[in-house]
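As structure tokens, the structure follows; a few thoughts come after it.
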């Protein structure tokens with residue numbers, strides 16, 4: 026029996042899922058990696074609400090293997106590392122104010 030798709034709050038509607046796919050495709054295209062025909066088919070099923078992202082990833086993992094784990098050359102584990110002072114907060118240098126322009 027197939028699992029019922031689960032969609033988070035930001036992917037409940039078809040348009041929200043389409044936006045998720047558009048963002049993912051944009052990222053891969055920015056790295057000169059167009060989606061494969063199989064991925065496009067899975068993305069279309071996701072947009073239609075037939076599968077969720079977990080199911081989509083499971084199909085890709087079964088086909089290509091899971092994504093590689095953490096970088097073996099990294100110096101610190103996630104959440105660990107030297108103690109450093111947090112960055113100072115700052116206000117953006119461009120500030121826009123709403124002004125009413127009088128044409129009188």
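In my numbering, the protein residues as written are 26 to 129.
We put the CB at the ideal spot given by N, CA and C, even for glycine.
Since the model is a prediction, treat every value here as computed from it, not as a measurement.
DSSP three-state assignment for residue i, whether helix, strand or coil
i	result
residue 48	helix
residue 101	coil
residue 31	coil
residue 66	helix
residue 139	Residue 139 is absent from the model: the chain starts at 26 and stops at 129.
residue 57	coil
Chain-order list of residues whose beta-carbon lies under 6 Å from that of residue i (same chain, five-residue window excluded)
i	result
residue 36	42, 45
residue 51	none
Contacting residues, own chain, Cβ-Cβ under 8 Å from residue i (five flanking each side not counted)
i	result
residue 67	76, 81, 84, 85
residue 88	63
residue 72	39, 42, 43, 46
Alpha-carbon spacing of residue i relative to residue j, whole angstroms
i	j	result
residue 61	residue 112	41 Å
residue 107	residue 57	36 Å
residue 90	residue 98	21 Å
Residues near residue i by beta carbon distance below 7 Å, same chain, minus five either side
i	result
residue 33	none
Any non-hydrogen atom of the ligand ZN closer than 8 Å to residue i Cβ
i	result
residue 50	The ligand content of the structure shown is nil, which means the ligand ZN is not present either.
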